[in-house]
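Worksheet: one structure, shown below.
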Amino acid sequence: MKTRKSIRRIALIVMGTLLFCQVHAQHATTFKFSETAPEQVLRVMETNANALFSEINRKYDQDNSQLSLSSSAVTDFARNRIANMWAVSHFYCTRTSMNTRVLKMVSSDTYQVRNIPVCYREAENDEYRYQHIVLEFDRSGKIIDLYCTVSEHEYTNVIANSNEVTVLRHREQINNFVSNFFTAYNCKDLKLIEMMYSEDALIITGKVVNYKTSGNNDFSRTLTNNTRIEYSIQNKKEYLTRLRGIFDRNEYINIKFDGVEIIQSEANPKIYGVRLNQYWHVSKNANVKGYYDEGKLFLIIDFTNEDRPEIWVRTWQPFKDSYGNSINYSEEDFFSIGDFNIE
Numbered sequence: 005m006k007t008r009k010s011i012r013r014i015a016l017i018v019m020g021t022l023l024f025c026q027v028h029a030q031h032a033t034t035f036k037f038s039e040t041a042p043e044q045v046l047r048v049m050e051t052n053a054n055a056l057f058s059e060i061n062r063k064y065d066q067d068n069s070q071l072s073l074s075s076s077a078v079t080d081f082a083r084n085r086i087a088n089m090w091a092v093s094h095f096y097c098t099r100t101s102m103n104t105r106v107l108k109m110v111s112s113d114t115y116q117v118r119n120i121p122v123c124y125r126e127a128e129n130d131e132y133r134y135q136h137i138v139l140e141f142d143r144s145g146k147i148i149d150l151y152c153t154v155s156e157h158e159y160t161n162v163i164a165n166s167n168e169v170t171v172l173r174h175r176e177q178i179n180n181f182v183s184n185f186f187t188a189y190n191c192k193d194l195k196l197i198e199m200m201y202s203e204d205a206l207i208i209t210g211k212v213v214n215y216k217t218s219g220n221n222d223f224s225r226t227l228t229n230n231t232r233i234e235y236s237i238q239n240k241k242e243y244l245t246r247l248r249g250i251f252d253r254n255e256y257i258n259i260k261f262d263g264v265e266i267i268q269s270e271a272n273p274k275i276y277g278v279r280l281n282q283y284w285h286v287s288k289n290a291n292v293k294g295y296y297d298e299g300k301l302f303l304i305i306d307f308t309n310e311d312r313p314e315i316w317v318r319t320w321q322p323f324k325d326s327y328g329n330s331i332n333y334s335e336e337d338f339f340s341i342g343d344f345n346i347e
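Structure follows, in structure tokens:
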């Protein structure tokens, strides 16, 4: 039989646990940066990063809160980007301290701090709750951007495939472009997404069908294991109209990606194919179970204008059928840059 003292102790433990859960995001995250940037700039970066995440962590649990970010710490572009991410889901940095190296970009006069772990409040499960983000700084130490990206291991695999400066610069550009591409979806930034697609973009989406099914498809492929996938083709206007409807119907968007492969066109060295795994989650609100999808995404990106690359082709192939069964693809079954005529 429990005594009053023991019951009180249990109650205090429970209350302490609840209190911890309620204020777990209200910690400060202290950044300490080293290398690459001049010492004075590093200190400015630290001050601005500390101020940003102090505000983010403090307001994580406040439902209708707006972030108050100093113009001396962040640019207008960065402030708008962060506000858009915050509007879709509040997030916070899970670390109380980060001692990390600053990267000087080869492709631009900027600096990056990568692999900052954040947690999204609206996510339904741990698989989609955590993301890695990048802080980007100008040469004075001001925050100019914040966006979702791959893990540090993934980033190393993408960048470390070549030490040749020109190729490294292109890989940096590709990685930054793809990261911004997915962040635009997570922010429901339709205007930015529209700018990233060529006016003549080709969008191809696949779905698994039964052989007895007669669907309205533009073409189909039979995989090496005899699974049949039908593909529909959309132009840019059709795709953006459909995407606007998805954004309007769903409060929460969370897209993650990994397994990035980069393929340079032999016909045009300014054209790159990028193939990766995409994990898509949308929901109407935090209290409604959302829609999940996983598949292989392939992009053909034109870097002729390096200041404004454009997506020429976007294809998507599902990893599972409508019953949730995994689809067994061979390497030859996935779209690649050789499937399209490039001049």
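Note that our numbering numbers the sequence shown so that position 95 is 99, with each residue one more than the last.
We treat Cβ as the ideally placed atom computed from N, Cα and C, and that holds for glycine.
**OP:** Specify, as a first and last residue, the run of the alpha helix (DSSP H) that V117 falls within.
**Re:** Here residue 117 refers to the residue found at position 113 of the sequence shown. Premise fails: V117 lies in the beta strand (DSSP E), Y115 to Y124, not in any alpha helix (DSSP H).
**OP:** Determine which residues share a DSSP beta bridge with P322 and list them.
**Re:** Position 318 of the sequence shown holds residue 322. For P322, which the question treats as bridged, DSSP gives the partners G299.
Original post:
On the three-pair Cβ rule with 8 Å, is the stretch 254-271 touching the stretch 225-241?
Top reply: no
Original post:
Measuring CA to CA, which of G328, Q321 and V106 is closest to S334?
Top reply: Looking up residue 334 in the sequence shown gives position 330. When each option's Cα is compared against that of S334, the closest is Q321.
**OP:** Tell me whether K293 sits in a helix, a strand or coil according to DSSP, three-state version.
**Re:** On the sequence shown, position 289 is the one that residue 293 refers to. Of the three classes helix, strand and coil, the one that applies to K293 here is coil, per DSSP.
**OP:** Hey, could you find the ends of the beta strand (DSSP E) G256 is sitting in?
**Re:** Reading the sequence shown from its first residue, position 252 is the one you call residue 256. Before going on, a small fix: residue 256 reads as Tyr here, not Gly. Taken as a continuous stretch (DSSP letters only), the beta strand (DSSP E) holding Y256 covers Y256 to Q268.
Original post:
Secondary structure at L73, three-state DSSP: helix, strand or coil?
Top reply: To locate residue 73, count along the sequence shown from 1; it is residue 69. DSSP places L73 in coil when its eight states are reduced to three.
Original post:
What is the C-beta distance between I147 and A77, in whole angstroms, given that I count them as a contact (C-beta under 8 Å)?
Top reply: To locate residue 147, count along the sequence shown from 1; it is residue 143. To locate residue 77, count along the sequence shown from 1; it is residue 73. About 6 Å separates the two Cβ atoms, so the contact holds.
Subject >> Neighbourhood of F181 by C-beta, 6 Å cutoff - its chain only, sequence neighbours within 5 removed >> reply: Residue 181 sits at position 177 when you count from the first residue of the sequence shown. If we look at F181 and ignore the five residues flanking it on each side, its Cβ neighbours are P313.
**OP:** Classify E336 as helix, strand or coil using the three-state DSSP reduction.
**Re:** Within the sequence shown, numbered from 1, the residue matching residue 336 stands at position 332. Three-state DSSP puts E336 in a helix.
**OP:** Would you be able to state if there are at least three C-beta pairs under 8 Å between the stretch 129-138 and the stretch 62-75?
**Re:** no
Original post:
So what's M89 in DSSP terms, helix, strand or just coil?
Top reply: The residue labelled residue 89 in the question sits at position 85 within the sequence shown. Note: M89 maps to helix in three-state DSSP.
Original post:
Among R143, E265, R105 and M102, which residue has its Cα nearest to the Cα of S112?
Top reply: As a first step, residue 112 is located in the sequence shown; it is residue number 108 there, counting from the start. Out of R143, E265, R105 and M102, R143 has the C-alpha closest to the C-alpha of S112.
Original post:
In whole angstroms, what separates the C-alpha of S10 from that of F35?
Top reply: Against the sequence shown, residue 10 aligns to sequence position 6. Against the sequence shown, residue 35 aligns to sequence position 31. Residue placement at S10 is flagged as unreliable, the pLDDT there being 45, under the threshold of 50; the coordinate-derived value follows with that caveat. Going by the C-alpha atoms only, they are around 42 Å apart.
Subject >> C-beta atoms of T187 and Y132 nearer than 7 Å >> reply: Indexing the sequence shown from 1 puts residue 187 at position 183. Indexing the sequence shown from 1 puts residue 132 at position 128. No; because the gap between Cβ atoms is not below 7 Å, this pair is not in contact.
Original post:
Can you give the Cα-Cα distance for K216 and E265, rounded to whole angstroms?
Top reply: For this step, residue 216 is matched to residue 212 along the sequence shown. For this step, residue 265 is matched to residue 261 along the sequence shown. The pLDDT assigned to K216 is 48, lower than 50, so where the model puts this residue is not dependable; a value taken from the coordinates is nonetheless given after this. If I take the Cα positions, the gap works out to 35 Å.
Original post:
Between the C-alpha atoms of Y327 and N281, what's the straight-line distance to the nearest angstrom?
Top reply: Numbered from its first residue, the sequence shown carries residue 327 at position 323. Numbered from its first residue, the sequence shown carries residue 281 at position 277. Approximately 20 Å between the Cα atoms of the pair.
**OP:** Locate the beta strand (DSSP E) running through D311, then write down its first and last residues.
**Re:** Along the sequence shown, read from residue 1 onward, the residue named residue 311 stands at position 307. Here D311 belongs to no beta strand (DSSP E), and DSSP marks it neither H nor E.
Original post:
Opposite N52 in the DSSP bridges: which residues?
Top reply: In the sequence shown, the residue the question calls residue 52 occupies position 48. Looking at the DSSP assignment, N52 forms no beta bridge with any residue, so it has no partner.
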